[in-house]
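Using the numbering used here, you'd call the opening residue of the sequence shown number 2 and step up by one each time.
Note that the Cβ used here is the ideal one computed from N, Cα and C, for glycine as well.
Have a look at the structure below before the remarks.
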Amino acid sequence: MGVGILYIHSERARCNWIQQLLDELKLDVEVKYGYSPQFEKDFPLKKFPAFISTDGWKLSETPAILQYLIALSPQNEMLSGITNKEKAKVLQWVSFFSQDFVNAIIMIVIHFKNDSDRRQGWIRIGKNFLEYVDQSLANGCHLWLATEYITIADIHAYKCLKDYAPILGGTEKYCHIEKFMANLERVAPVYKDKIVR
């Protein structure tokens, strides 16, 4: 028997790669894509991703769902960090990309697509975020964002950067991001492809 149902949206970088993670974690979770009457009943805010366990327990927000799913699969505990400091750093980066980075893209693409001045302001904010990530990678003592090994923060960052950085002009001028992206594709190629349902 599975542990629950995970609702995801195939076009959203916050969650369009979680099916791949579930496969890697070898978790028996039913995945449902997009909106449905049951999803809207269980999750009235209609936000993806969303998880409901077999006993009816509900969980939303990307960082919380990722931490919970990883916790169900202890052989992959490194994905969420080992020490308390690593776990906090992983959560920091997952939250940054789920909230700050993705919200800047939403402002550019949806809310201010017809307001050039405000759109340009959000593009500047998005580019500042890219600079912040690039500098964080440059100042770190390892290849990854949070630890010396790949974590869920890196996979989530990769998917957000791959799907949304082109809106900001791409990552080509950010050499540390480019190196990070190439390293992730080499180490975890399963996340390179976009899942479309």
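Taking a contact to mean a Cβ-Cβ separation below 8 Å, would you say residue i touches residue j in this structure?
i, j, result
"residue 109", "residue 168", "yes"
"residue 151", "residue 91", "no"
"residue 83", "residue 135", "no"
"residue 166", "residue 131", "yes"
"residue 181", "residue 138", "yes"
"residue 54", "residue 127", "no"
"residue 105", "residue 123", "yes"
"residue 158", "residue 98", "yes"
"residue 74", "residue 28", "yes"
"residue 9", "residue 20", "yes"
Could you tell me how far apart the beta carbons of residue i and residue j are, in whole angstroms, since I believe they sit closer than 8 Å?
i, j, result
"residue 50", "residue 63", "6 Å"
"residue 7", "residue 30", "5 Å"
"residue 185", "residue 155", "6 Å"
Please classify residue i as buried or exposed, where buried requires at least 16 other C-beta atoms within 10 Å of its C-beta.
i, result
"residue 89", "exposed"
"residue 183", "exposed"
"residue 86", "exposed"
"residue 161", "buried"
"residue 58", "exposed"
"residue 34", "buried"
"residue 24", "exposed"
"residue 121", "exposed"
"residue 197", "At residue 197 the pLDDT is 35, less than 50, meaning the model places this residue with poor confidence; the figure from the coordinates comes in the next sentence. Under this definition residue 197 is an exposed residue."
"residue 175", "buried"
"residue 195", "Confidence at residue 195 is low in this model, with a pLDDT of 49, below 50, so its placement is unreliable and the value that follows should be read with caution. Answer is exposed; the Cβ neighbour count stays below 16."
"residue 39", "exposed"
"residue 107", "exposed"
"residue 66", "buried"
Which residue or residues does DSSP assign as beta-bridge partners of residue i?
i, result
"residue 31", "6"
"residue 61", "51"
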